[in-house]
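Quick note, the sequence shown lines up with residues 63 to 403 if you use the numbering used here. For glycine and all other residues, C-beta sits at the position ideal for the given N, C-alpha and C. Take a look at the structure set out below.
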Amino acid sequence: MAFEFVMPRKFVLEEEREEKDHYYARFSIQPLEKGYAITLGNALRRVLLSSIPSLAITKLRIPGKYHEFDTINGVKEDIIEIMLNLKKVQLYSSSPVDGFVRMTIEKKGPGEVKAGDIKTPTGIEIMNPDQHIATLNEDAIVYIELFARTGMGFVPVSEMEPDDNIETILIDGVFSPVLRVNFLTENVRVGKRTDYDKLILEIWTKRNIRPMDALKQSVNILVDHFRFIDEKLEKLGSGGTLQQIVYHVEESSESLEEEEVEESEYEDIYNRKIEELDLPARITNALKREKILTIGDLVNKAPAELLKIKNFGKKSLEEVEERLEIKFGISLTSKSKEGEQ
C-alpha cells in the first residue's frame, strides 16, 4: 500500500468577537499529521507576534520641552506618563503610509485628554478613542504634536534616528497589532487511527486589524519565504551552482561589529522597568515583591523560579512571555543564553 501524507481538510472559524479595545478569534485546522499542530502553531505564532506591520506613534513635540523627564503646567501626568499612554493608542490607516503622519492634540482644562481628542489627517482613525492620555486642571492649555509611522514588532528609541528638531522626544515604537497568540493541540480520528492532530489557534488583536486578516498576512509571509527556497532549489536542480543562489556571508570583522551593537541594544532593554511591559497590576506587584524591577531582573529568572512566586501561575507566566516577545522580541531565557555564548 502506498504511503499517503495526510493533509488538512477542514479550516473553521470557531468563534469571533469584538471587545471594547480588542478583537478575538479562534480557528481550527484538521486533520494534521502527528506533530504538525505544534509545527504550524509555533511558526504562525512567531510571525503573528513579530511581523505584522501597523501604525504607531514614535515622536512627540511639546513647545518648550526638550526631554521626557519634564512636566507640563496644569497637567497631572509628567511627560513620561503621557508617553506610556500614547504607546497604547491604536491607529488605523485606510491606505499604506509612507513616512510620518502628523497629528495634534489641542485642549484647554479642566478635563481629561483622551485618544479621541487627537486630530488626525484623512484616512487615519483612532480605534480606541477612550484611551486615557492626560488629566488637565482649569489652568492647563495643552498643545502636542504627534508623529506616527508604519513598522513591525517593537523598536526601542535606541534604534531610531535622532530628529533634527531639539523639541522632538522619541517614543518606543510598539507596532505589533497582535496582542496575544495561543495554540492548543487535540487528537482527531482519520479512518482507524486516532493520533492525528487538530490545531486550535487563538488570536487577540488591537482594533486596527481583525484576527483573520492578521492570520492571512502571517500565512502569506511564510508562503513567500518557502516559495523563495523552492525557486532556488529549482534553479539548483536545473544546473545552477551554489555560488549563484546562496548569499555570501559578510566579512568576520563586520559580523563582530554587528554582535557588539546587538549586545548594547540588549543592555538598553534590560535596564528598562517592568512597568513598560504593560502587565496587569496583579502580575507587576507580584514581581516587584520579589525585587524583580527591571527587564534584566525578569529574564534572569527561569520559568520554574517565577512559578514559585505567590499569586504567579501558569497564565501569568504565559502573559509575561508574550509581552516580552511583543514589546522587545526577547524571551525569558534571552539573557542566560547570551551569557553562555
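Residues of its chain near residue i, where Cβ-Cβ distance is below 6 Å and the 5 sequence neighbours each way are ignored
i      : result
Leu352 : Residue identity check: residue 352 is Glu in the sequence provided, not Leu. So the qualifying residues of the chain are Ile371.
Val74  : Ser90
Val250 : Gln92, Pro93, Tyr258, Lys260
Asp234 : Pro218, Val219
Ala202 : Gly136, Val137, Gly171
Ile142 : Glu130
Ser317 : With a pLDDT of 49 at Ser317, under the threshold of 50, the predicted position of this residue should be treated as unreliable, though the coordinate-derived value follows. So no residue of the chain qualifies.
Residue j beta carbon less than 8 Å from that of residue i
i      : j      : result
Asp257 : Lys150 : no
Thr247 : Ala99  : yes
Thr212 : Ser112 : no
Ile265 : Pro273 : yes
Leu148 : Leu208 : yes
Val243 : Arg107 : yes
Gly171 : Glu200 : yes
Lys389 : Glu338 : yes
Glu381 : Leu341 : yes
Ala118 : Val163 : no
Ile331 : Thr346 : no
Phe245 : Gly103 : yes
Val68  : Val285 : no
Phe216 : Gly391 : yes
Counterpart residues of residue i in DSSP-defined beta bridges
i      : result
Asp259 : Leu94, Asn249
Lys176 : His194
Phe57  : The requested residue 57 is not part of the displayed model; the chain covers only 63 to 403.
Asn244 : Glu264
Arg211 : Ala118
Ile206 : Ile167
Phe216 : Val236
Lys335 : Thr356
Val159 : Val159 pairs with nothing; no bridge assigned.
Ile231 : Leu122
Val137 : Leu198
Tyr128 : For Tyr128, which the question treats as bridged, DSSP gives no partner whatsoever.
Arg79  : Tyr86
Beta-carbon contacts of residue i that lie in its chain and below 8 Å, excluding the five residues immediately before and after
i      : result
Ile114 : Met214, Ser238, Pro239, Val240, Ile271, Ala276, Gln279, Ser280
Tyr205 : Ile124, Pro125, Thr166, Ile167, Glu168
Ser393 : Val361, Glu383, Leu386, Glu387
Gly185 : Ser155, Ser156, Ser157
Met466 : Any question about residue 466 goes unanswered here, given that the chain covers just 63 to 403.
Gly161 : Arg211
Lys176 : Pro191, Asp192, Gln193, His194, Ile195
Own chain partners of residue i with C-beta closer than 7 Å, once the 5 adjacent residues on each side are dropped
i      : result
Leu379 : Pro365, Leu368, Leu369
Glu77  : Ala87, Arg88
Glu174 : His194, Thr197
Tyr309 : Its pLDDT being 48, under 50, Tyr309 is placed unreliably by the model, and nothing is read from it.
Ile228 : Tyr128
Pro70  : Ile91, Gln92, Pro93, Leu94
Asp179 : Ile167, Lys169
Thr182 : Met165, Ile188
Lys82  : none
Val236 : Ala118, Lys149, Phe216, Lys389
Delimiting residues of the beta strand (DSSP E) encompassing residue i
i      : result
Ser116 : 116-123
Arg164 : 163-170
Ser155 : 153-155
Residue i at chain B interface by Cβ criterion, 8 Å
i     : result
Arg88 : Of the protein chains in this structure there is only one, and it is not chain B.
Residue i, enclosing alpha helix (DSSP H) - first and last residue
i      : result
Thr184 : No alpha helix (DSSP H) holds Thr184; DSSP gives it neither H nor E.
Ile141 : 141-148
Gly299 : 273-299
Leu349 : 343-351
Glu381 : 376-390
Ala364 : No alpha helix (DSSP H) holds Ala364; DSSP gives it neither H nor E.
Three or more C-beta pairs closer than 8 Å, one from the region 152-164 and one from the region 183-196: is that the case here? The answer is yes - the region 183-196 touches the region 152-164, with three or more Cβ pairs under 8 Å.
Just checking, does the region 287-302 make contact with the region 130-138 on the three C-beta pairs under 8 Å criterion? Counting Cβ pairs under 8 Å, fewer than three are found: no touch.
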